[in-house]
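This note's numbering applies: residue 59 is where the sequence shown begins, and numbers increase by one.
Just so it is clear, CB atoms sit at the ideal spot from N, CA and C, and this is done for glycine as well.
Note sheet for the following structure.
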Amino acid sequence: MEQPESGLIFREVQNLHNNIFLVSVLYPALILWYVEIHSLFFGKPAGIQNVPDLYLLALWFVFGVFFPLLFYCTKYITEVRKDGIYTRLIPLNPSFKKIPIYIVEECKIQAYEPFTGKDCVDKPPSKKANFVVILKLITGKKVVISSRNPKELHQAIMSAVSGF
Numbered sequence: 059m060e061q062p063e064s065g066l067i068f069r070e071v072q073n074l075h076n077n078i079f080l081v082s083v084l085y086p087a088l089i090l091w092y093v094e095i096h097s098l099f100f101g102k103p104a105g106i107q108n109v110p111d112l113y114l115l116a117l118w119f120v121f122g123v124f125f126p127l128l129f130y131c132t133k134y135i136t137e138v139r140k141d142g143i144y145t146r147l148i149p150l151n152p153s154f155k156k157i158p159i160y161i162v163e164e165c166k167i168q169a170y171e172p173f174t175g176k177d178c179v180d181k182p183p184s185k186k187a188n189f190v191v192i193l194k195l196i197t198g199k200k201v202v203i204s205s206r207n208p209k210e211l212h213q214a215i216m217s218a219v220s221g222f
C-alpha cells in the first residue's frame, strides 16, 4: 500500500513522449492497422498470404494496440519527501522505489550524455547532453535522476538532507 504524501517537498511528473520513440512505436502500429483493416475488408494484402489470421491478430494487438497504449500511459514520477527520494515509472513499477535521505552522501547537478552514459566533467557538454541530478550514496553507488527542473530537484534534495 502506498504511503500518504507526508512531508512532500517536491513532485514532478514527466510524460515520456519523445519524437524518436513516437515514430518507433507508431510506424509499426500504423502498418499493422493497415494490414488488419485491409485483410478484414479486402482480403490479405500481397506479401502476407501465408500468414495465419490468428498470428496477424496477435501482432496487431501487441504492436498496434498494446505498445502505443503503453507508450501513451508511461509517466516518470519523482518525489522528494522528508524521509527520502521516491521514483516510479508508471505503469511498469507498481510502487515507488525509495532512496532514504540518510544514505545520500553527495548531490550535484551535472551534464550527462544519455546515449553514452558518461558524465560531461572534463569536457564541455554536447548539444545532446541533459542536465541531471547525480546522487552519490554512502554505499559508493551513483544514482542518476532525470528531471525537467534539475535545479529545483537539487534544492529539494538539499533541503530534505539538511532537515534530516
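- Setting aside the 5 residues that flank it on each side, Ile161 is surrounded in the same chain by Leu195, Ile196, each with a C-beta closer than 6 Å to its C-beta; the list follows chain order.
- With contacts defined by Cβ atoms closer than 8 Å, Val138 and Leu84 do not form a contacting pair.
- Scanning Lys200, Lys156, Pro149, Lys199 for the CA closest to the CA of Asn73 turns up Pro149.
- The beta carbons of Val190 and Ile203 sit about 6 Å from each other, so the pair counts as a contact at 8 Å.
- Contact annotation: the segment 152-168 does not touch the segment 76-94, with fewer than three C-beta pairs closer than 8 Å.
- Using a Cβ distance threshold of 8 Å, Thr136 and Ser205 count as a contacting pair.
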